[in-house]
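First comes the structure, then the notes that go with it.
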Amino acid sequence: MLMKSRPVSILFFFLALATAWPSQAQTARPQIRVAVSTATPHNTPLWVARDKKIFDKHGLDVQLIFVSGGTLATQMLAAGEIQVAAAAPAALVSLIAGGEKIVMFLGISNTSPFTLVAQPGIKKAADLRGKRLGTARFGGSSHTSALIALDHLGLNPKRDNITILQTGLDPERMAALEQKGLDGAMLQRLATKIMVGKGYTPLLNLNQAKIPYQNTVLA
Numbered sequence: 148m149l150m151k152s153r154p155v156s157i158l159f160f161f162l163a164l165a166t167a168w169p170s171q172a173q174t175a176r177p178q179i180r181v182a183v184s185t186a187t188p189h190n191t192p193l194w195v196a197r198d199k200k201i202f203d204k205h206g207l208d209v210q211l212i213f214v215s216g217g218t219l220a221t222q223m224l225a226a227g228e229i230q231v232a233a234a235a236p237a238a239l240v241s242l243i244a245g246g247e248k249i250v251m252f253l254g255i256s257n258t259s260p261f262t263l264v265a266q267p268g269i270k271k272a273a274d275l276r277g278k279r280l281g282t283a284r285f286g287g288s289s290h291t292s293a294l295i296a297l298d299h300l301g302l303n304p305k306r307d308n309i310t311i312l313q314t315g316l317d318p319e320r321m322a323a324l325e326q327k328g329l330d331g332a333m334l335q336r337l338a339t340k341i342m343v344g345k346g347y348t349p350l351l352n353l354n355q356a357k358i359p360y361q362n363t364v365l366a
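So the sequence shown is numbered by the numbering used here: it starts at 148 and just counts up by one.
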């Protein structure tokens, strides 16, 4: 029932947003630019609405823009380059705390999609001491999930000399693992499945661990 209500909630928001624009010629439609920071099932309603022309049916000109990570999406929102960001709230919170007038109005997912995946030779959490862990951008969902995962495993980046690196999205992190440029990485579901199939070690699946985390919101 919840999944069915999300597309409806999203549609009503965009309808309300469109009516907030100053009156224009009847043939003109205000363009609503939406930054989507991850290619995950959480954002499926947006892509379905576009592909099925649901936005068009209701007179909405919605442009979906795929960007590299939630931090960049929220920076674009703060700069006025977009009207809506579909991203993790981790990056949004710091902007709001800094005085930005941003409102998070719809939660889409309340668990993290990330798994801490390590090199085949790393079998337990203690093996991560002194190692390199890859995320996307600092302050984003993968970075926050990495900190949560390490804490859950009883590790501390500073105390245990774990270096967290910004290494791009899942494809870049997967490549860095295979090239031995990383000892571990935060990966989403499909990337995790691929790497585990190649023998890499899933040290902690945050979703299966049922660690509460608001992962994706519209703002």
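Using N, Cα and C, we set each Cβ at its ideal position, and we do this for glycine too.
{"Query": "Which residues does DSSP list as the beta-bridge partners of residue 363?", "Result": "256"}
{"Query": "What is the rounded straight-line gap between the Cα of residue 159 and the Cα of residue 327?", "Result": "Its pLDDT being 49, under 50, residue 159 is placed unreliably by the model, and the measurement read from it follows with that caveat. About 47 Å."}
{"Query": "Please look up how many angstroms separate the CB atoms of residue 181 and residue 253, rounded, as I've assumed it's under 8 Å.", "Result": "Not confirmed; about 12 Å, so no contact."}
{"Query": "Who are the Cβ neighbours of residue 117 in its own chain at under 8 Å, not counting the five residues just before and after it?", "Result": "This structure cannot settle anything about residue 117, because the visible part of the chain is limited to 148 through 366."}
{"Query": "In three-state terms, what does DSSP make of residue 337?", "Result": "helix"}
{"Query": "Just curious, the beta strand (DSSP E) that residue 350 is in, first and last residue?", "Result": "348-352"}
{"Query": "In whole angstroms, what separates the C-alpha of residue 199 from that of residue 271?", "Result": "46 Å"}
{"Query": "What's the gap between the Cα of residue 251 and the Cα of residue 355?", "Result": "26 Å"}
{"Query": "Following the continuous beta strand (DSSP E) through residue 183, name the residue where it begins and the one where it ends.", "Result": "178-183"}
{"Query": "Just confirm the distance between the C-beta atoms of residue 267 and residue 346, as a whole number of angstroms; I'd bet it's less than 8 Å.", "Result": "5 Å"}
{"Query": "Under the three-state reduction of DSSP, which class applies to residue 244: helix, strand or coil?", "Result": "helix"}
{"Query": "In or out: residue 203 buried (at least 16 other Cβ within 10 Å) or exposed?", "Result": "exposed"}
{"Query": "List the endpoints of the continuous beta strand (DSSP E) containing residue 213.", "Result": "208-213"}
{"Query": "With a CB to CB cut of under 6 Å and the five nearest residues on each side skipped, what residues in its chain are close to residue 216?", "Result": "184, 283, 284 and 287"}
{"Query": "Give the single residue among 290, 337 and 336 whose Cα lies nearest to the Cα of residue 315.", "Result": "290"}
{"Query": "Which partner residues does residue 313 have in the DSSP bridge list?", "Result": "282"}
{"Query": "Give the straight-line distance between the Cα atoms of residue 178 and residue 206, rounded to the nearest whole angstrom.", "Result": "10 Å"}
{"Query": "Using only the alpha-carbon positions, how far apart do residue 219 and residue 322 sit?", "Result": "22 Å"}
{"Query": "If you follow the alpha helix (DSSP H) that residue 296 is in, where does it begin and where does it stop?", "Result": "288-299"}
{"Query": "Do the CB positions of residue 192 and residue 361 come within less than 7 Å of each other?", "Result": "no"}
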